[in-house]
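Asks: I am attaching a structure below and will ask some questions about it afterwards.
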């Protein structure tokens, strides 16, 4: 926005018509008003720029912080599920050599698997307290798996290839389900943040327009005052 100039300072000092102090004081006051308006305009423009930069930086920091937290939680859950699938793969290799009963080593492996499942319950509970409906579905599936394993150990029935395929299939489904939910949550959050940034940008633009209206009003007022002064000077002569 250009500075406002109604007349040069040299005109005030050199005008031969200025023979009284009252006229000089009036023109000095007009010049002072003009300077103050220009200074205030520059201050407001600089303040608006600083506010906009601060808003953009804060929004970017917030987005990065949330994305980092979401990514970390997704990685933790994926790692826990990978451990379960890996454990099932190990048991699948051992099951190829077992046809009738479960030896002590297999029972130990199954106890370890139950412990892994229990730890996984704790992770899910801390991470998804606000998503009870989905958690109930996941917990039900895991409880079914836990009951299935317990029954196998107590009855000492040998595992077949279909049993281990069941574990692998259920674990893979859990991993895919959780990843899809997290991606949907991330997309929704990013959309909300973008809407907030757009609203802030519109607010700043409206404020700058309001500042322009104030300056235009001051310019009009000063112009009318100047014309009145010139008229008085002309009439006095």
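In the numbering used here, the protein residues as written are 0 to 236.
For every residue, glycine included, the Cβ atom is placed at its ideal position computed from N, Cα and C.
Mind checking residue 74: buried by the 16 CB within 10 Å criterion, or exposed?
Replies: Taking the first residue of the chain shown as 1, we reach residue 74 at position 75. Label assigned to residue 74: exposed.
Asks: Are the CB atoms of residue 122 and residue 79 within a distance shorter than 8 Å?
Replies: As a first step, residue 79 is located in the chain shown; it is residue number 80 there, counting from the start. As a first step, residue 122 is located in the chain shown; it is residue number 123 there, counting from the start. Cβ distance < 8 Å, so residue 79 and residue 122 count as in contact.
Asks: Assuming residue 84 and residue 115 make a contact with CB atoms under 8 Å, what is their CB distance in whole Å?
Replies: As a position in the chain shown, residue 84 is number 85, starting the count at 1. As a position in the chain shown, residue 115 is number 116, starting the count at 1. That pair is no contact at about 11 Å.
Asks: Here's the rule: buried if 16 or more other CB atoms are within 10 angstroms of the residue's CB, otherwise exposed. What is residue 24?
Replies: Your numbering for residue 24 matches position 25 in the chain shown. Exposed, by the Cβ-count rule.
Asks: Taking its Cβ as the centre, do 16 or more other Cβ atoms sit within 10 Å of residue 55, making it buried, or is it exposed?
Replies: Residue mapping note: residue 55 aligns to position 56 of the chain shown, counting from 1. Burial call: exposed.
Asks: Determine the closest residue to residue 90 out of 61, 32, 22 and 110, with distance taken between C-alpha atoms.
Replies: Sequence index remark: in the chain shown, residue 90 carries index 91 (1-based). Closest option to residue 90, Cα to Cα, is 110.
Asks: To the nearest angstrom, report how far apart residue 49 and residue 81 are at their CA atoms.
Replies: In the chain shown, counting from the first residue as 1, residue 49 sits at position 50. In the chain shown, counting from the first residue as 1, residue 81 sits at position 82. Looking at the two C-alpha atoms, the distance is approximately 48 Å.
Asks: State buried or exposed for residue 44, treating a residue as buried only when at least 16 other CB atoms are found within 10 Å of its CB.
Replies: Taking the first residue of the chain shown as position 1, residue 44 is located at position 45. It counts as exposed.
Asks: Is it buried or exposed for residue 76, if we count other Cβ within 10 angstroms and need 16 for buried?
Replies: As a first step, residue 76 must be located in the chain shown, where it is residue number 77. Looking at its Cβ environment, which holds 16 or more other Cβ atoms inside 10 Å, residue 76 is buried.
Asks: Let me confirm a value: residue 26 is counted as buried when at least 16 other C-beta atoms fall within 10 Å, else exposed. Which label applies?
Replies: Within the chain shown, the letter at position 27 stands for residue 26. It is buried - the Cβ of residue 26 has at least 16 other Cβ atoms within 10 Å.
Asks: Taking the C-alpha atoms as reference points, what is the distance between residue 64 and residue 51?
Replies: Position 65 of the chain shown, counted from the first residue, corresponds to residue 64. Position 52 of the chain shown, counted from the first residue, corresponds to residue 51. Roughly 20 Å separates the two Cα atoms.
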